[in-house]
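Per UniProt numbering, the sequence shown starts with residue 1, numbered consecutively.
Cβ coordinates follow ideal geometry from the N, Cα and C atoms, glycine included.
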Amino acid sequence: MRILRIDETRAGQRIDNFLLRECKGVPKSHIYKAIRGGQVRVNKGRISSDYRLQDGDMVRIPPLRLPEPEQPRHVPAAAFPVVFEDEHLLVIDKPAGVAVHGGSGVSFGVIEQLRAARPEEPFLELAHRLDRDTSGLLIIAKRRAALVGLHDMFREIRARKFYWALVQGDWVNDRQHIRFPLLRWLTESGERRVKVDPAGKAAHTIITMQRRFGRFSLVQAELKTGRTHQIRVHLAHSGFPIVGDDKYGDDAIRDQFARQGFKRMFLHSGRLEFDHPVTGQPLVLEAALPAACQSLLNRLEK
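Right, here's the structure in full:
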């Protein structure tokens with residue numbers, strides 16, 4: 001049995017989510033049963049699973065039965081290029097090909113590697129997501145207050161997020177609004193996909209022309225909503241799939257560029273504009289195009 005004191009870094013978190021992270025490996029059913037049965041106590045009193053922890057709370061965690069032991073999972077520590085950091089936030093430049101978190105066949109991702117590299121940090125949580133094959137700016141909260149503020153900011157669309165994409169085709173308009181509703185679905189193999197569907201959720205992307213390369217165009221995409229695969233599906237449905245996109249792109253084009261050494265999707269989160277969720281300081285953060293993307297543009301230019 002353990003008794004833990006809650007500090008400000010954990011205040012505001014639901015007791016069930018706190019226990020799931022604190023008691024790694026314990027099945028969810030065991031944790032909820034312990035809460036319902038009164039074995040988990042806060043300040044010596046019973047609580048429900050949606051109770052939000054307060055600074056100074058004393059949490060009693062009873063002995064919980066673990067499943068059969070497995071080989072411990074090794075998460076290699078990794079450092080990523082830091083674009084901005086203070087006591088509340090960490091913003092990194094994520095490389096393509098690295099998932100932001102473990103799951104769906106991925107043993108670990110950026111967040112697990114950061115936690116392994118920074119054991120002194122009591123709180124590191126993703127503030128938003130990037131697809132595995134998308135590179136660029138990724139925000140990690142170092143305090144719960146920052147995480148809550150960032151979630152509110154993204155939900156209320158008070159942040160501006162800009163991506164750069166190389167698409168197949170000669171983009172026509174200098175600036176174009178795309179508003180196709182998006183619906184998530186699963187393939188027969190269980191793979192997550194998104195499609196344009198009237199029954200889907202509203203989605204809004206602003207595309208701005210950057211450079212033309214004949215059969216290809218470099219565009220800037222500003223997200224006004226944050227749907228899964230939004231930029232990829234909006235561009236593909238418009239007839240301009242992203243180069244290297246293995247879900248919604250052109251397989252022949254992807255293979256062509258792969259033979260030339262470009263083996264990723266050309267989608268990069270290059271600019272973020274938002275007010276710091278704690279201090280209110282206006283932030284404009286940028287991450288340059290990765291070398292592989294810039295090299296490809298140079299070849300197309302020639």
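Legend entry - Cα-Cα separation, Lys264 to Trp164: According to the sequence shown, residue 264 is Arg rather than Lys. Going by the C-alpha atoms only, they are around 14 Å apart.
Legend entry - DSSP three-state assignment for Lys94, whether helix, strand or coil: strand
Inset, instruction - Look at the alpha carbon of residue 319 and the alpha carbon of Gln39, and state the distance between them as a whole number of angstroms. - result: Beyond the ends of the chain as shown, which are 1 and 302, falls residue 319; an answer cannot be given.
Inset, instruction - Look at Val75 and Ala116 and say whether their C-beta atoms are less than 7 Å apart. - result: yes
Inset, instruction - Could you check which residue in Arg21, Ala77 and Ser49 has the C-alpha nearest to that of Tyr32? - result: Ser49
Inset, instruction - Go ahead and label Pro62 buried or exposed: buried means 16 or more other beta carbons lie within 10 angstroms of its beta carbon, across all protein chains shown. - result: By the 10 Å Cβ count, Pro62 comes out exposed.
Legend entry - DSSP-derived helix/strand/coil call for Ala34: If DSSP states are grouped into helix, strand and coil, Ala34 belongs with the helices.
Inset, instruction - On a CA-only basis, which of Gln210, His276 and Gly270 is nearest Met153? Give me that one, please. - result: His276
Legend entry - Stretch pair the region 225 to 245 + the region 197 to 216: three plus CB contacts closer than 8 Å: yes
Legend entry - Buried versus exposed, by CB contacts within 10 Å (16 or more), Ser107: Exposed: under 16 other Cβ atoms inside 10 Å.
Inset, instruction - Report yes or no: do the region 206 to 220 and the region 158 to 177 share at least 3 C-beta pairs separated by less than 8 Å? - result: yes
Legend entry - Opening and closing residue of the beta strand (DSSP E) in which Arg299 lies: It is not in any beta strand (DSSP E) - Arg299 instead sits in the alpha helix (DSSP H) that spans Ala291 to Glu301.
Inset, instruction - Could you say which of Arg14, Asp86 and Lys24 lies nearest to Arg52 if we only look at CA atoms? - result: Residue Arg14 is the option with its Cα nearest to Arg52.
Legend entry - Buried versus exposed, by CB contacts within 10 Å (16 or more), Pro119: When all chains shown are included, Pro119 counts as exposed.
Inset, instruction - Starting from Val196, trace the beta strand (DSSP E) both ways and give me its first and last residue. - result: Arg192 to Val196
Inset, instruction - Would you identify the three-state DSSP class for Glu22, choosing helix, strand or coil? - result: helix
Inset, instruction - Tell me whether Asp170 is buried or exposed, calling it buried when 16 or more other Cβ atoms sit within 10 Å of its Cβ. - result: exposed
Legend entry - Close-in-space but distant-in-sequence residues of the same chain around Glu87 (CB under 8 Å, 5 per side omitted): Lys142 and Arg143
Inset, instruction - Give the range of the beta strand (DSSP E) segment to which Ala165 is assigned. - result: Arg160 to Gln168
Inset, instruction - Could you tell me the boundaries of the alpha helix (DSSP H) in which Gly149 lies? - result: Per DSSP, Gly149 is one residue of the alpha helix (DSSP H) stretching across Arg144 to Arg155.
Legend entry - Coarse secondary structure for Val233, derived from DSSP in three states: helix
Inset, instruction - Put Val219 into one of helix, strand or coil per three-state DSSP. - result: strand
Legend entry - Whether Gly136 touches Ala287 by CB criterion (7 Å): Yes, these two residues count as a Cβ contact at 7 Å.
Inset, instruction - Give a yes or no on whether the C-beta atoms belonging to Val100 and Ile92 are separated by under 7 Å. - result: no
Inset, instruction - Report all residues from its chain with a CB closer than 7 Å to the CB of Phe180; omit the five preceding and five following residues, and keep chain order. - result: Val196, Ala203, His234 and His237
Legend entry - Cβ-based neighbour list, Leu297, same chain, cut-off 7 Å, excluding 5 preceding and 5 following: Leu218
Inset, instruction - For Thr228, I'd like the list of residues in its chain whose CB is within less than 8 Å of its CB, leaving aside the five on either flank, ordered along the chain. - result: Leu182, Arg184, Arg192 and Val194
Legend entry - Rounded separation between Arg129 and Arg259 - CA only: 29 Å
Legend entry - Beta-bridge partners of Pro282, as assigned by DSSP: Asp275
Inset, instruction - For the beta strand (DSSP E) containing Leu137, list its first residue and its last residue. - result: First-last of the beta strand (DSSP E) with Leu137: Ser135 to Ala141.
Legend entry - Helix, strand or coil at Arg227 [DSSP, three-state]: Coil.
Inset, instruction - Can you grab the Cα-Cα spacing for the pair Arg254 / Leu89, in whole Å? - result: 36 Å
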